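All residue numbers for the sequence shown refer to the working numbering, where the first residue is 1 and numbers rise by one.
Backbone N, C-alpha and C define an ideal beta-carbon position, used for all residues, glycine too.
Note that the coordinates shown come from a computational prediction; the quantities given were computed from them, not determined experimentally.
Input: a single structure, listed below in structure tokens.
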Amino acid sequence: MFNGKSILITGGTGSFGHKCVKMILEKYSPKRLIIYSRDEFKQYEMSRKFSDKEFPCMRYFIGDVRDKERLYRALKGVDFLIHAAAMKQVPASEYNPFEAIKTNIIGAQNLINTAIDVGVKKVIALSTDKAVSPVNLYGATKLCSDKLFVAGNLYAGSEDTKFSVVRYGNVVGSRGSVVPLFQKQKETGTLTITDPRMTRFWTTLDDAVQFVLDGFERMVGGEIFVQKIPSMKITDLAKAMGPDCEQKIIGIRPGEKLHEMMISADDARNTAEFDEYYVIKPDTGFMNRQAEMIGGSPVVEGFEYSSDSNVDWVDEKGLIKMISTIEIDH
């Protein structure tokens, strides 16, 4: 699907972008693979790993999703767009709310309008479990972003641009995750636990990236794809990483949940189940045709996809295996 095509990844110098580029270059022969981000040093580091000499398709664009004019230039001739750029840190978003809104909401609006205007064929925006019943500003901005990308199909009108969203949970070893934190804390002999009851959805970066790439084949426009992934207990993770370490309970942090949710009961009425994933169908009457094309089996009334009530769990042994097979992103 990606052979001979131009692909752009916003926020492409992050954990997701590195893995996505690696997997695309291994499996496909794109015409151009464009990294769009605002940090020139991260782009420099990434260009040493994926140089345009070794991989002639690689391009590196300095730019911000807040800058609509720059997006017009960067998206010209692009076939597929993966929107990974976001202000993701919960505490930073709480302390700098206007900045989170500019990036996560206004940036989404800029991308939608620009993609339609220049004729991008398919757009997938990355979402998060924190966008469901949000309790912090980051989650609220991502919920708004999800709604904007779904509605982007209406804005496109007769144009060919299609928009979908992919939502998944915590990625093992990604920057800012608890795995690198526990690795550092192991040296002190004490691991900090916010609450021993806490559960989280858990996936690997390889699985998350593959789910996004598969989405381009599956999408008809307007869906929110939700990956079926296991849950884990934070105490099991601590035992797996530091079996001889003390666990110190420090209390839940502002804006943090005990359990994460990827599909709420209110969304269940529009949710279809497939073997490996769920799809939240668009619920606006103007998009009934897209919803009918998606297919799948309806979930039961009142269904919730929550980390504490999940049917699939990864235990201490499974966590050890998962962690041993990944490259921790510090």
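Give the DSSP-derived three-state secondary structure of Tyr72 in the structure shown.
helix
Rounded straight-line distance, which links the Cα of Ile249 to that of Val212
36 Å
Can you tell me whether Lys162 is buried or exposed? The criterion is at least 16 other CB atoms within 10 Å of its CB, across all chains shown.
buried
Which residues bound the beta strand (DSSP E) around Val165?
Lys162 to Tyr168
Checking the sheet assignment: what are the DSSP bridge partners for Ser6?
Arg32
On the criterion of 16 or more Cβ atoms from any shown chain inside 10 Å, does Arg197 qualify as buried, or is it exposed?
exposed
Hey, is the segment 89 to 98 in contact with the segment 109 to 126, meaning 3+ C-beta pairs nearer than 8 Å?
no
Under the assumption that Asp52 contacts Met58 (Cβ atoms under 8 Å), give the Cβ distance between them as a whole number of angstroms.
5 Å
Could you compute how far the alpha carbon of Leu50 sits from the alpha carbon of Val300?
Per the sequence presented here, residue 50 reads as Phe, with Leu not at that position. Their backbone Cα atoms lie some 46 Å apart in a straight line.
Is DSSP giving Thr128 helix, strand or coil here?
strand
For Ser306, I'd like the list of residues in its chain whose CB is within less than 6 Å of its CB, leaving aside the five on either flank, ordered along the chain.
His259 and Met261
State whether the segment 174 to 189 contacts the segment 216 to 232, with contact taken as three or more CB pairs (one from each stretch) at a distance under 8 Å.
no
For the beta strand (DSSP E) that contains Met58, what are its first and last residues?
Met58 to Ile62
Please determine, among Val226, Ala151 and Val166, the residue with the shortest C-alpha to C-alpha distance to Tyr278.
Val226
By DSSP's criteria, Val171 is part of a beta bridge. Which residues make up the other side?
Thr203
Counterpart residues of Tyr278 in DSSP-defined beta bridges
Val226 and Glu273
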